[in-house]
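Participant:
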Amino acid sequence: MTRLRGLVLTVYDQERSGTVIALPLTGTIDQDGFYVIGNVTGADQTFPETPAVPVRGAVVLCYDLFSVCRAGTALTNSSVRDSLVFSENQQLLSSLPTARGRQITPAVRSVEVGPVSLSRCSCCEVRSPSSWTSSSPTPRRTNLCPSSTFSSQIHLCLGPLSRDWQEQSGDCDGSSQGKRVAEVADYLEQKCLCGISALYLQGANISCVSGWLRVQGNINALSDHQMSLIIQTLLTNPFTQTDVCTRPTTDRYSSTASALGLQIGLIVVVLLLLGLGAALFTYFYRRRRPLDYYTMELSEHAEGLSDL
Numbered sequence: 001m002t003r004l005r006g007l008v009l010t011v012y013d014q015e016r017s018g019t020v021i022a023l024p025l026t027g028t029i030d031q032d033g034f035y036v037i038g039n040v041t042g043a044d045q046t047f048p049e050t051p052a053v054p055v056r057g058a059v060v061l062c063y064d065l066f067s068v069c070r071a072g073t074a075l076t077n078s079s080v081r082d083s084l085v086f087s088e089n090q091q092l093l094s095s096l097p098t099a100r101g102r103q104i105t106p107a108v109r110s111v112e113v114g115p116v117s118l119s120r121c122s123c124c125e126v127r128s129p130s131s132w133t134s135s136s137p138t139p140r141r142t143n144l145c146p147s148s149t150f151s152s153q154i155h156l157c158l159g160p161l162s163r164d165w166q167e168q169s170g171d172c173d174g175s176s177q178g179k180r181v182a183e184v185a186d187y188l189e190q191k192c193l194c195g196i197s198a199l200y201l202q203g204a205n206i207s208c209v210s211g212w213l214r215v216q217g218n219i220n221a222l223s224d225h226q227m228s229l230i231i232q233t234l235l236t237n238p239f240t241q242t243d244v245c246t247r248p249t250t251d252r253y254s255s256t257a258s259a260l261g262l263q264i265g266l267i268v269v270v271l272l273l274l275g276l277g278a279a280l281f282t283y284f285y286r287r288r289r290p291l292d293y294y295t296m297e298l299s300e301h302a303e304g305l306s307d308l
């Protein structure tokens with residue numbers, strides 16, 4: 001079990017400067033790896049009664065002198081063990097070291113009933129923003145992460161005719177796969193406001209088709225509630241689609257070559273049918289008029305005898 005001595009949990013409020021809570025951690029993490037902090041039943045450590053935990057701010061796990069951690073104004077990358085910023089306040093973001101931790105904005109609509117929490121999921125790099133998602137609180141339980149149990153099909157075609165997509169995406173062919181996934185997730189979240197991130201698109205295939213971005217496969221969700229919000233978003237928003245995204249290939253040149261090959265094949269088939277038709281016509285014609293040839297042969301012999 002890991003001892004927590006020397007660690008200080010600090011909480012920031014985006015509306016104030018410095019920390020609003022500085023809590024020296026005590027004890028050890030249990031065998032399951034849990035350590036619950038809060039004013040709830042069974043907590044390993046409680047928060048002070050005041051002030052309350054802010055709705056928008058940051059949580060930082062600090063390892064330094066208590067006075068340094070409590071001040072929160074001179075933190076370095078070496079003193080910050082981890083951090084989570086749930087705010088878009090630029091002043092708060094600039095006051096925290098950027099080497100440790102990530103920023104994520106909780107989506108209230110992702111949870112049907114009750115408070116909204118944040119869960120870290122084992123999908124990718126630990127420091128990646130994609131590893132976090134909005135969820136219900138899960139004290140002493142496994143974090144809630146998007147699951148294929150609540151998945152729905154997704155088929156989008158985003159490109160030059162989608163004005164809002166074109167303005168934010170830039171060149172489809174020139175972007176990396178990770179960037180494409182992040183851009184699609186951000187685009188969908190702007191429409192849904194239900195907590196969609198790149199974490200949700202692990203079951204989707206994203207590719208470029210002649211400058212268009214094709215998204216096909218499954219999009220996961222946390223619950224039936226969130227899945228219904230995603231399905232509603234996909235049905236009510238007129239995502240631009242064209243025939244270019246219905247082709248099975250992702251290369252327009254190979255598509256053109258396939259079409260040309262199909263045309264040549266059709267011509268060959270037509271010629272073969274014409275040849276077969278001519279052969280059948282000749283065959284049946286000779287079968288139906290055999291006496292004509294026999295009469296012609298006798299006439300030729302008769303003419304020869306009369307000459308003699």
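Per UniProt numbering, the very first residue in the sequence shown carries number 1; after that it's consecutive. All C-beta atoms in this analysis are idealised placements derived from N, C-alpha and C, irrespective of residue type, glycine included.
Can you list the beta strand (DSSP E) stretches of 3 or more residues lying completely in the stretch 75-163, in chain order?
Facilitator: Those beta strand (DSSP E) runs which fall completely within the stretch 75-163 and span 3+ residues are 80-86, 117-120, 132-135, 147-158.
Participant: Out of Ser17, Tyr12, Ala22, Gly27, which one is the CA nearest neighbour of Arg5?
Facilitator: For Arg5, the nearest C-alpha among the options comes from Gly27.
Participant: Could you have a look at Cys194 and say whether DSSP puts it in helix, strand or coil?
Facilitator: coil
Participant: For Ile230, which of helix, strand or coil comes out of DSSP?
Facilitator: Three-state result, Ile230: helix.
Participant: Go ahead and pull the three-state DSSP assignment for Leu65.
Facilitator: coil
Participant: Once DSSP output is grouped into helix, strand and coil, what is the label at Ser13?
Facilitator: According to the sequence shown, residue 13 is Asp rather than Ser. It is a strand residue.
Participant: Could you name the residues of the same chain whose beta carbon sits closer than 7 Å to that of Leu144, not counting the 5 residues immediately before and after it, in chain order?
Facilitator: Ser119, Ser135, Ser136, Thr138, Leu222
Participant: Could you tell me how far apart the beta carbons of Asn218 and Gln153 are, in whole angstroms, since I believe they sit closer than 8 Å?
Facilitator: Contact between Asn218 and Gln153 holds: CB atoms are separated by about 6 Å, below the 8 Å threshold.
Participant: Rounded to the nearest angstrom, what separates Gly57 and Leu188 at their Cα positions?
Facilitator: 25 Å
Participant: Identify which residue in Gln103, Asp13, Leu193 has its Cα closest to the Cα of Ile231.
Facilitator: Leu193
Participant: Is there a Cβ from chain D that is less than 8 Å from the Cβ of Gln226?
Facilitator: Protein chain content of the structure displayed is limited to a single chain, and chain D is not contained in it.
Participant: Could you work out which residue in Thr46, Val85, Leu23 is closest to Ser67 when comparing CA atoms only?
Facilitator: Leu23
Participant: The ligand GTP heavy atoms versus the CB of Ile29: any closer than 7 Å?
Facilitator: Because no ligand of any kind appears in the structure shown, any question about the ligand GTP cannot be addressed here.
Participant: Out of Asp30, Cys208, Tyr12, which has the shortest C-alpha to C-alpha gap to Thr2?
Facilitator: Asp30
Participant: Taking the alpha-carbon positions, what's the Ser207 to Phe150 distance?
Facilitator: 24 Å
Participant: Please return the same chain residues whose Cβ sits closer than 7 Å to the Cβ of Val108, not counting the five positions on each side in sequence.
Facilitator: Val116
Participant: Verify whether the separation of the beta carbon atoms of Ser130 and Ser83 is less than 8 Å.
Facilitator: In this structure, Ser130 sits away from Ser83, with a CB-CB distance that is not shorter than 8 Å.
Participant: Thinking Pro214 and Cys157 are a contact (beta carbons under 8 Å), I'd like their distance in whole angstroms, please.
Facilitator: Before going on, a small fix: residue 214 reads as Arg here, not Pro. With a Cβ gap of about 6 Å, Arg214 and Cys157 count as contacting.
Participant: Take the Cβ of Ile21 as the centre, count every other Cβ of all protein chains shown within 10 Å, and call the residue buried at 16 or more, exposed below.
Facilitator: buried
Participant: Pick out whichever of Asn220, Leu272, Arg102, Thr10 has its Cα sitting closest to the Cα of Pro146.
Facilitator: Asn220
Participant: Report yes if the C-beta distance between Gln45 and Leu61 is below 8 Å; otherwise report no.
Facilitator: Inclusion of Gln45 and Leu61 in the CB contact set at 8 Å is not warranted, their separation being larger than that value.
Participant: Could you pull out every residue in the same chain whose Cβ sits closer than 6 Å to the Cβ of Val59, ignoring the five residues on either side in sequence?
Facilitator: Val11, Leu84
Participant: Please name the residue in Leu7, Ala279, Asp13 whose C-alpha comes closest to that of Ser78.
Facilitator: Ranked by Cα distance from Ser78, the options Leu7, Ala279, Asp13 are led by Leu7.
Participant: In the DSSP assignment, find the beta strand (DSSP E) that holds Val209 and state where it starts and stops.
Facilitator: 204-209
Participant: In the structure shown, what three-state DSSP assignment does Val268 receive?
Facilitator: helix
Participant: Just mark Ile104 as buried or exposed, buried being the case when its beta carbon has 16 or more other beta carbons within 10 Å.
Facilitator: Under this definition Ile104 is a buried residue.
Participant: Output needed for Arg140: all residues of its chain with C-beta closer than 8 Å, excluding positions within five of it in sequence on either side, in chain order.
Facilitator: Asp32, Phe34, Val36, Gly42
Participant: Are the beta-carbon atoms belonging to Leu201 and Val184 less than 8 Å from one another?
Facilitator: yes
Participant: Who pairs with Asn218 in a beta bridge, going by DSSP?
Facilitator: Partner(s): Gln153.
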